[in-house]
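Q:
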Amino acid sequence: MILVYEYMEKGPLRNHLYGGGVGGANSACLSWKQRLEICIGAARGLHYLHTGYSDNIIHRDVKSTNILLDEDYVAKVADFGLSRLGPAYGETHALCARPVIDPNLALEQINLAEWALHWQRKGQIEKIVDPRLEGKINPNSLRKFGETAGKCLAEYGVDRPTMADVLWNLEYTLQLQETELRREPFEDSRSAVSDIPVGAAMGRMPSTSMTMSYGTAGEYDTSRSTVVFSQLMTDQGR
Numbered sequence: 001m002i003l004v005y006e007y008m009e010k011g012p013l014r015n016h017l018y019g020g021g022v023g024g025a026n027s028a029c030l031s032w033k034q035r036l037e038i039c040i041g042a043a044r045g046l047h048y049l050h051t052g053y054s055d056n057i058i059h060r061d062v063k064s065t066n067i068l069l070d071e072d073y074v075a076k077v078a079d080f081g082l083s084r085l086g087p088a089y090g091e092t093h094a095l096c097a098r099p100v101i102d103p104n105l106a107l108e109q110i111n112l113a114e115w116a117l118h119w120q121r122k123g124q125i126e127k128i129v130d131p132r133l134e135g136k137i138n139p140n141s142l143r144k145f146g147e148t149a150g151k152c153l154a155e156y157g158v159d160r161p162t163m164a165d166v167l168w169n170l171e172y173t174l175q176l177q178e179t180e181l182r183r184e185p186f187e188d189s190r191s192a193v194s195d196i197p198v199g200a201a202m203g204r205m206p207s208t209s210m211t212m213s214y215g216t217a218g219e220y221d222t223s224r225s226t227v228v229f230s231q232l233m234t235d236q237g238r
């Protein structure tokens, strides 16, 4: 049997974050807006896996090497080799994409997720921002992103938000970034996030792109528009 997939011109997300291979060290730095759009695309793909099939499908290996980008940087979720059907695997683990685990570092630095949570608890999430993005992130957007990511890292699945909730929050995070583009440069997003009041309420931002999840089983291949997924806020799949 031969499986044929769409060619993903920009390669894996990892290369654009850490260098190496297609989209590596010589590629332009991904903007905060691009990073949010990639997260939104991945969230859509995971939402379909969790809710678009008669049995919930849990990916179990989400990391930057499994998020592929097409020529327009639209994210697609790939590699379902470790997938399992839920809810038998209800207590899944929040996985991080950091390539190296260094036991010689302090506890909060050994694992990227733990390190991020350490600064989130201190109200200083700006400490983990890519230095290349300094001064280019709306602090409200950064804070909302940190809150959303922190909830996704809860130890037990029942305490984590559904992917529909994650998708909505990421779209809101992107909207916070885009509503103040005319005010660049932003207040330093690496130094004052914890002091900024909650932003004004906004409606859900419709998306104009489409995404698809694909893996080792052709029957799970699909494409869905953002508008469809962004309206699903009460689905039970996680």
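Heads up, the final residue of the sequence shown is numbered 238 in UniProt numbering, and it's a clean run with no missing numbers. Where a beta carbon is used, it is the ideal one built from N, C-alpha and C, also for glycine.
#1: State the DSSP-derived secondary structure class of residue 131, mapped to helix, strand or coil.
#2: Would you kindly work out how many angstroms separate the C-alpha atoms of residue 145 and residue 54, rounded to a whole number?
#3: Let's see if you can read the secondary structure: which residues bound the beta strand (DSSP E) around residue 76?
#4: Counting only beta-carbon separations shorter than 9 Å, does residue 67 have a partner in chain B?
#5: Rounded to the nearest angstrom, what separates residue 114 and residue 48 at their Cα positions?
#6: Take residue 58 as the anchor and find which of 65, 71, 171 and 43 has the nearest alpha-carbon.
#7: Can you tell me where the beta strand (DSSP E) holding residue 68 begins and where it ends?
#8: With 16 other CB atoms within 10 Å as the buried threshold, where does residue 76 fall?
#9: With residue 141 as the anchor, note down where its alpha helix (DSSP H) starts and where it stops.
#10: Using only the alpha-carbon positions, how far apart do residue 6 and residue 28 sit?
#11: Looking only at C-alpha atoms, which of 134, 3, 31 and 4 sits nearest to residue 13?
#12: To the nearest angstrom, how far is it from the Cα of residue 164 to the Cα of residue 66?
A: A quick look at the data gives this:
#1: helix
#2: 31 Å
#3: 75 to 77
#4: As a matter of chain content, chain B is missing from the structure shown, which is built from one protein chain.
#5: 28 Å
#6: 43
#7: 67 to 69
#8: buried
#9: 139 to 152
#10: 23 Å
#11: 31
#12: 20 Å
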